[in-house]
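Below is one structure, written out as structure tokens; comments come after it.
Numbering (our numbering), first residue to last: 101 to 1139.
Given below as structure tokens:
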């Protein structure tokens, strides 16, 4: 296997085909390139990354990099050392001794073990993900986003960016603390004026110096990133030399402990910043003189002065602060010594006499604790010291064999640093006196760094080493954090940060750097390292938790692409690591944990709602598919209970020649009816041959999906191509849906032009669809005058939804208005229910029964019973029936061209309309027949038709105009006309009218008459919804 490759810039697709015929995907080229230019992660980023090399990628803007060439590094240089430099840092030098003294050796061991266990489990999960293909720069953000999807990736990526930025603030605060406390205390701008103001003055100094240093570092990063990277080895050397000095000092204490005496008053530790002699008075030339210590506790330097009560009752003693590893001090330091803020640091086993409680504390040089300490707080402060485990995975493109180096180097680095931390805990507890360990700022040892007192050959080795280490880590944070933000911005998943994807001509993230400096300044203004550490602990823990979740999800799903070369992982380990991360988040700070999770949740929902859609083959999509499959299998067990029934819609759309939707309001009505709940399938049929028109099908599907997005219709789109329109609709009704997620209701628009259309089968298709839904036991909703229905933006401020309940249909007529009124368009409409009573019905009792039924259904509606009496068939009804039958019979017998047939149908319709004013049926028929014959059939046309048709047809035409209407049709028309009149009288101004839809005739010869009956029934109404039930109950009075 070759170990070096040549950079192959691959041009755009058109040029590719012309040059070498290769086809490459272009969709994610920009994304991959962007991620390649940003390493990303401050605490996680490696100082060994050659930013100049990565910046060179911009010369291939718009091109896909096939393979990368460069100096390939092995496990030691490429992974082990970067992880080592990132993990070991400021907490080790400034806070570990204090944690050991406060929590005791045993509890400190537990803290370190928990944190190291968290990182080792995360490293195992990370190794599995990192060896499952190439991980470009971006590190943990790339792994999480490509494993859990853009929503999780963006949310965790931004939170991790914030943690990275606050890490920079923590390092800068550590740098200033070392400078002002241990190197040059005289450089402080704010001096201590009164006793007790030391902490406030220190915080103000941190704010001023921190602001100056963060601006200086930002300028260095902006101007010369390459110098930062060249100094990386220097910073690492400082860390390693400092640790070696600590171990050398421990060995030296076994036979020659260093001389660092500490002064005790009784059992209380004294700060040596204000005096140099640890005694109350001294003997000189047989003369007793008081010391500066005396004058701190007494009101004068005289021996008979009035002194502090505790000072008078207790002796001043001096003990060694570093008794050595063989001294047995370990047993004293095993247990915790938590204390309240402002309490005095005391030696546990030292004898003392309690003084008066009224003794004043101001001005007395005791060593005080600056914060209240407890176990969970120490976990939050310590955890940042174990972060940095992803420095190797961030650089997978620069490694000879990333599949081998990343797991080996990362786990080896964690093992090494865990050993260092755990051994340091034991060694600190075994070598250093407890009161010195609890002295955070080394006041009892003349202001020396506590861990420095143990080092050999000099404390300055630790001081200088830790100063440069923290300074370098801060520079690395300000270098890596903007690149992480730039990688997220260039992915395009969070719209409001896309501006931060831009930078200088060489790719440096200028805008992202400015934002990073601004956020870092917030951490500087907090000014306390102990307060900033738990904040970044939250963000790192959240990142690690999702790395473990990503590995667990991928392992459990067993996706075919999940083939990591690292084999020593298991989903239980990942789950354990995830649980441990979550537990540590709440252990560190429950309110920070809730705030961090709330931030991540808000970003997740924002990306889900507004972010760009990305298809990265993530595990959440696979998890969704598995969950959907499981749910479908469960739903398949049986039909839903009546209480769970809701209309699962199949919406039948008509498309024009341009594959655009003819009636968009049908989708508006769908979203109003569904409100995003239940199943919606939007279907349409193209009358084509699929093999010839597959492109046309894709265009139609895109148009329908685009309209669904505009109308906010949540559902699926299904386009069927069939040579026959009728068969295509049948296929949709039969096969749409999957398993138990099938539609139970069909929604379609009324064919408005069924009389005039060129395709005389349009009404036949409609009637056949009605029959098929009935056979399939599905409900049918037919919206008439659909173009008059409201859009989603309209609001009805008043009006009624009228339900004409003629026949019990299982409760569909009752349920639909309730569902519609859940939507803001119909919310202010009132529901009215009308039922029809005959002569022998008890109208009053019917109304009471219906009101009681609605009360049990928990529906609020006004009930009205309409009495419809029998009367004679009107002349208009008789004529209407006759014209309907004449038209139907004529179109069957006349062999006309399409244009002639349309004109004939229109003439009959016109005559039908004009004849309403006739006084009697006989006069109307007598007047209509000769006029219609004269208008339609000229002599020349009749002669021409005679040659084409048989003589029997001529007599058939004559019979048409001499026929009498069928009495059954007359009765049906009579009922339709009467009911239409009643509905118009009550509901002409209603916002929506719902009517029972009668079924089609069993004899197909009467299909056209059926259409005419429905037309008459709904004539004069603006918005009508014809409802035909499925034959089952859809609403119940029971809970």
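Ideal Cβ placement from N, Cα and C applies to all residues, glycine included. Keep in mind it's a predicted model, so treat the numbers as computed, not measured.
Requested in this report: Compare the Cα-Cα distances from residue 682 to each of 670, 639 and 657 and report the closest residue.
Outcome: 639
- Bridge partner(s) assigned by DSSP for residue 382: 389
By a C-beta neighbour count over all protein chains shown, 10 Å radius and 16 as the cutoff for buried, is residue 922 buried or exposed? So residue 922 ends up on the exposed side.
Once you ignore the five residues that flank residue 665 on each side, which residues in its own chain have a CB closer than 6 Å to its CB?
-> 231 and 503
Q. Which two residues bound the contiguous beta strand (DSSP E) that contains residue 784?
A. Following the DSSP letters along the chain, one finds residue 784 inside the beta strand (DSSP E) bounded by residues 780 to 787.
Report yes or no: do three or more beta-carbon pairs, one from the region 307 to 323 and one from the region 373 to 393, lie closer than 8 Å?
no
Are the region 785 to 797 and the region 742 to 750 touching, with three or more C-beta to C-beta distances below 8 Å? no
- Is the Cβ-Cβ distance between residue 342 and residue 193 less than 8 Å? yes
Review point. Fully enclosed by the region 536 to 610, which alpha helix (DSSP H) runs are 4 residues long or longer?
Key: 550 to 554 and 559 to 591
Practice problem: Assign residue 1072 to one of three DSSP states: helix, strand, or coil. | Solution: Three-state result, residue 1072: helix.
| said: I need the DSSP call for residue 817, collapsed to helix, strand or coil. | reply: strand
**Prompt:** What are the boundary residues of the beta strand (DSSP E) that residue 963 is part of?
**Reply:** 962 to 967
task: For the beta strand (DSSP E) containing residue 361, list its first residue and its last residue.
output: Element bounds for residue 361: 361 to 365.
Here's the rule I'm using: 16 or more other beta-carbon atoms within 10 Å means buried, otherwise exposed. How should residue 709 be labelled?
exposed
Next item on the list: State the Cα-Cα distance for the pair residue 499 and residue 176, rounded to the nearest angstrom.
Entry: 10 Å
If we ignore side chains and look at the alpha-carbon of each, how far apart do residue 755 and residue 839 end up?
-> Rounded to whole angstroms, residue 755 to residue 839 spans 28 Å at the Cα level.
Taking 6 Å as the limit between beta carbons, can you name the residues of its chain near residue 54, skipping five residues before and five after? Any answer about residue 54 is impossible in this case: the structure gives the chain only from 101 up to 1139.
message: Distance check for residue 1116 and residue 1031, CA to CA, integer angstroms please.
response: Because the pLDDT at residue 1031 is just 34, under 50, the model does not fix this residue reliably, and the value given afterwards should be weighed accordingly. Their backbone Cα atoms lie some 25 Å apart in a straight line.
Q. From residue 1072 to residue 935, what distance separates their C-alpha atoms?
A. 19 Å
| message | Taking the alpha carbon of residue 671 as the reference point, which residue from 229, 185 and 386 has its own alpha carbon closest? | response | 229
Report task. Return yes when the Cβ of residue 572 is within less than 8 Å of the Cβ of residue 335, no when it is not. Result -> yes
query: Can you tell me whether DSSP reads residue 410 as helix, strand or coil?
result: Of the three classes helix, strand and coil, the one that applies to residue 410 here is helix, per DSSP.
Out of 862, 734, 626 and 780, which has the shortest C-alpha to C-alpha gap to residue 836? 780
Would you give the residue range spanned by the alpha helix (DSSP H) that residue 863 belongs to? From DSSP, the alpha helix (DSSP H) with residue 863 extends over 862 to 875.
* Can we say the region 541 to 551 touches the region 577 to 596, given the rule of at least three CB pairs closer than 8 Å? -> no
Query - DSSP three-state assignment for residue 1093, whether helix, strand or coil - result: In the structure shown, residue 1093 sits in a strand (DSSP, three-state: E or B).
Whole-Å CB distance - residue 515 paired with residue 506, under 8 Å assumed: The Cβ separation is near 15 Å, so there is no contact.
### Message
Taking the alpha-carbon of residue 768 as reference, which of 804, 833 and 601 has the nearest alpha-carbon?
### Response
804
Less than 8 Å separating the beta-carbons of residue 479 and residue 688?
yes
Residues of its chain near residue 680, where Cβ-Cβ distance is below 8 Å and the 5 sequence neighbours each way are ignored
Taken in chain order, the residues that qualify are 214, 217, 218 and 221.
Q: Report the rounded CA-to-CA distance for residue 758 versus residue 1123, giving the unit in angstroms.
A: Our two residues, residue 758 and residue 1123, have alpha carbons roughly 28 Å apart in a direct line.
### residue 284 versus 564, 447, 811 and 829, residue with shortest Cα-Cα distance
Considering only alpha carbons, the answer is 564.
- Message: Using a 10 Å radius around the Cβ and a threshold of 16 neighbouring Cβ atoms, would you call residue 1026 buried or exposed?
- Response: Summary for residue 1026: the model assigns pLDDT 32, below 50, so the residue's position carries little reliability; its value from the coordinates is reported in the next sentence. Exposed, by the Cβ-count rule.
If you count every other CB in all the chains shown that lies within 10 Å of the CB of residue 843, and 16 or more means buried, which is it?
buried
Discussion item. Check this for me: beta carbons of residue 624 and residue 269, under 8 Å apart or not?
Written reply: yes
Where residue 803 falls: helix, strand or coil (DSSP): Residue 803 sits in a helix when the DSSP states are folded into three classes.
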